[in-house]
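Asks: The opening position of the sequence shown corresponds to residue 488 in this note's numbering, with each subsequent residue numbered one higher.
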Amino acid sequence: MAGLTCAQVLQQAGYEVVVLEKSRGVGGRLATRRSHGTRIDHGTCYLSPKAELFQNFITDLVQLGLVHVWTNCVHTLFPDGSLQPSSEQIPRYVAADGMSAIAKVLTPGLDIRFNQRVVGLATTSSQTWQLTVDDTTPDNTATASNLLEAQAVVVTVPAPQALDLLAPLEGTALSEQFIRQLQTVEFAPCIAVMAGYPADCLQKWQAAYADVKAIGSQQHPLAWIGLDSSKRRSASQPVFVIQSTADFAQPLLNATDLIPVGRSLLQAAADLLAPWLATPDWLQVHRWRYAFASSPLREKYLTANSLTPLVCAGDWCGGIRAESAMLSGLEAASYLNQKLKNQAIAPTQFWHAIASLK
Ligand SMILES: Cc1cc2nc3c(=O)[nH]c(=O)nc-3n(C[C@H](O)[C@H](O)[C@H](O)COP(=O)(O)OP(=O)(O)OC[C@H]3O[C@@H](n4cnc5c(N)ncnc54)[C@H](O)[C@@H]3O)c2cc1C
């Protein structure tokens with residue numbers, strides 16, 4: 488979200504922009520998996536805009552028919568298995584085609600190079616950045632890395648991953664202070680399990696929990712239980728996404744087999760809500776090593792103030808959610824434009840740039 492937003496605004500301001508993405512699709516943690524004839528959001532579950540600019544973006548997507556209100560209510564799960572609806576009624580927006588469709592809106596016209604993992608950065612004698620990029624295509628046999636040259640770089644990966652990339656430049660191209668700031672940002676992990684059930688389980692769920700689609704929890708190991716299939720237009724079977732707490736995920740970051748881990752999360756949900764949740768038709772498990780920023784920065788971007796411009800952006804700059812990622816991407820674009828052309832992009836220009844993508 489941060490990278491695509493920043494890239495769009497800069498491209499529309501006249502820069503030649505290349506997006507390097509290590510995976511084979513866009514969205515990052517706005518993630519959707521296609522499986523068992525449906526789409527499943529195993530990352531961001533919903534968006535609930537706060538800033539006007541983000542609300543405008545979502546409103547436009549609603550008008551396009553891409554996004555709709557999923558629910559106004561997230562229930563809270565208690566230790567005895569009881570549920571309490573939230574007192575605040577706030578619209579939670581989702582995309583019927585999966586949350587990654589929201590990121591796709593930001594891609595038109597961009598030069599996005601998939602399966603390209605940036606593994607190193609260095610400055611050149613002509614004050615440009617040289618990026619070392621590995622091809623991550625699964626069947627790729629080439630061993631050599633590609634080199635790319637850029638006048639400026641925007642790094643929009645979670646802070647610990649940015650640190651891996653940038654720490655080797657401490658004291659040379661990047662200041663100690665910049666690296667220290669990056670080190671203050673911590674991320675919490677999460678394990679997400681996706682599970683599909685026989686069609687008749689939907690009636691069982693609705694009989695017990697009418698209108699309950701979204702459950703927030705502080706009951707270890709459960710952080711979130713969502714009836715993901717209720718986001719889709721015509722789901723053939725109920726699909727749940729269950730997210731773990733960070734405490735549960737932390738010791739399992741290097742586990743080789745995640746299926747038993749997924750089963751234990753389903754069992755925990757079954758113990759509190761409905762026994763059949765423990766026995767799905769199928770399940771898949773995803774490990775998010777860097778799910779949420781647990782100590783984000785206040786600033787909307789982090790600049791190295793280096794001779795050759797480099798700026799970091801992402802949800803961890805000014806927040807912890809997809810909305811903050813977008814706002815951070817916008818601010819980073821403005822900073823870079825000011826640095827390169829000595830002229831800021833006004834907020835209205837940001838908005839026109841994003842709105843013109845419709
Ligand atoms: C399980 C889960 C549930 C969530 N629920 C919500 C929610 O309900 N609402 C909400 O608003 N937010 C939620 N979030 C948070 C939200 O997903 C993030 O805040 C937002 O997507 C972050 O966007 P970003 O652009 O900063 O980073 P990311 O989405 O992490 O994007 C970084 C991108 O960089 C790529 N990348 C990483 N390293 C490299 C490299 N070396 N070279 C090239 N590419 C690289 C990645 O593949 C990725 O595409 C959730 C997150 C998780 C994990």
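C-beta atoms are modelled at their ideal positions from N, C-alpha and C, and glycine is treated no differently.
Quantities reported herein were computed from a predicted structural model and do not represent experimental measurements.
1) Pop quiz: W557 and R526 are said to be a contact at Cβ under 8 angstroms. What is the actual Cβ separation, rounded to whole angstroms?
2) To the nearest angstrom, how far is the alpha carbon of V680 from that of A697?
3) Taking 6 angstroms as the cut-off, does the CB of M488 come closer than this to any heavy atom belonging to ligand 1?
4) Please list, in chain order, all residues of the same chain as D621 whose beta carbon is under 6 angstroms from its beta carbon, the five residues on each side excluded.
5) Which residues does DSSP pair with D528 in a beta bridge?
6) Compute the beta-carbon to beta-carbon distance between L817 and G805, rounded to the nearest angstrom, for a pair I have assumed lies under 8 angstroms.
7) Quick check: does the Cβ of R511 come within less than 6 angstroms of any heavy atom belonging to ligand 1?
8) Under the three-state reduction of DSSP, which class applies to I545: helix, strand or coil?
9) Check whether the Cβ of A812 lies closer than 6 angstroms to any heavy atom of ligand 1, and answer yes or no.
10) How should E810 be labelled, buried or exposed, when 16 other C-beta atoms within 10 angstroms of its C-beta is the threshold for buried?
11) Taking the alpha-carbon positions, what's the P708 to A500 distance?
12) Does Q705 come out as helix, strand or coil in the three-state DSSP assignment?
13) Give a yes or no on whether the C-beta atoms belonging to S781 and E673 are separated by under 7 angstroms.
14) With respect to 6 angstroms, is the separation between the Cβ of V605 and the closest non-hydrogen atom of ligand 1 below this value?
15) Could you name the residues of the same chain whose beta carbon sits closer than 7 angstroms to that of Q498, not counting the 5 residues immediately before and after it, in chain order?
16) Quick check: is any heavy atom of ligand 1 less than 6 angstroms from the C-beta of T732?
17) For T790, write down the residues that DSSP places opposite it in a beta bridge.
18) Who are the Cβ neighbours of A654 in its own chain at under 7 angstroms, not counting the five residues just before and after it?
19) Between which two residues does the beta strand (DSSP E) carrying F674 extend?
20) If you drop the 5 nearest sequence neighbours on each side, which residues of the same chain put their C-beta closer than 8 angstroms to that of Q648?
21) Contact criterion: CB-CB distance below 7 angstroms. Does L634 meet it with respect to chain D?
22) Which residue or residues does DSSP assign as beta-bridge partners of R579?
23) If you pair each beta-carbon of the segment 716–725 with each one of the segment 580–596, do three or more pairs fall below 8 angstroms?
24) Would the beta-carbon of L753 fall within 7 angstroms of that of A682?
25) Our contact map puts D528 next to A538 with C-beta atoms below 8 angstroms; I'd like the distance itself, whole angstroms only.
26) Looking at the secondary structure, which residues open and close the beta strand (DSSP E) in which G633 lies?
27) On a CA-only basis, which of G530, T531, I746 is nearest W769? Give me that one, please.
28) Rounded to whole angstroms, how far is the Cβ of A646 from the Cβ of L661, which I believe are closer than 8 angstroms?
29) Output needed for A494: all residues of its chain with C-beta closer than 7 angstroms, excluding positions within five of it in sequence on either side, in chain order.
Replies: The answer reads as follows:
1) At roughly 14 angstroms, the Cβ-Cβ gap does not stay under 8 angstroms, so W557 and R526 are not in contact.
2) 23 angstroms
3) yes
4) Closer than 6 angstroms at the Cβ level, and outside the excluded window around D621, lie R604, V606, S632.
5) D528 is bridged by DSSP to T519.
6) The pair is not a contact, with the Cβ atoms about 11 angstroms apart (cut-off 8 angstroms).
7) no
8) helix
9) yes
10) Under a 10 Å Cβ-count criterion, E810 is classified as buried, with 16 or more other Cβ atoms of the shown protein chains found around its own Cβ.
11) 46 angstroms
12) Here DSSP, grouped into helix, strand and coil, assigns Q705 to coil.
13) Less than 7 angstroms divides the Cβ of S781 from the Cβ of E673.
14) Result yes, Cβ under 6 angstroms from ligand 1.
15) In its chain, beyond the 5 residues on either side, V504, G596, L597 have a beta carbon closer than 7 angstroms to the beta carbon of Q498.
16) no
17) Looking at the DSSP assignment, T790 forms a beta bridge with V798.
18) I666
19) 674–683 is the extent of the beta strand (DSSP E) around F674.
20) Y777
21) Absent from the structure: chain D. Only one protein chain is present.
22) T558
23) The answer is yes - the segment 580–596 touches the segment 716–725, with three or more Cβ pairs under 8 angstroms.
24) yes
25) With 8 angstroms as the limit, D528 and A538 do not qualify as a contact, their Cβ atoms being about 22 angstroms apart.
26) Note that residue 633 is Asn in the sequence shown here, rather than Gly. For N633, the enclosing beta strand (DSSP E) covers residues 633–637.
27) I746
28) Contact doesn't hold; Cβ gap of about 14 angstroms is too wide.
29) V504, V506, L597
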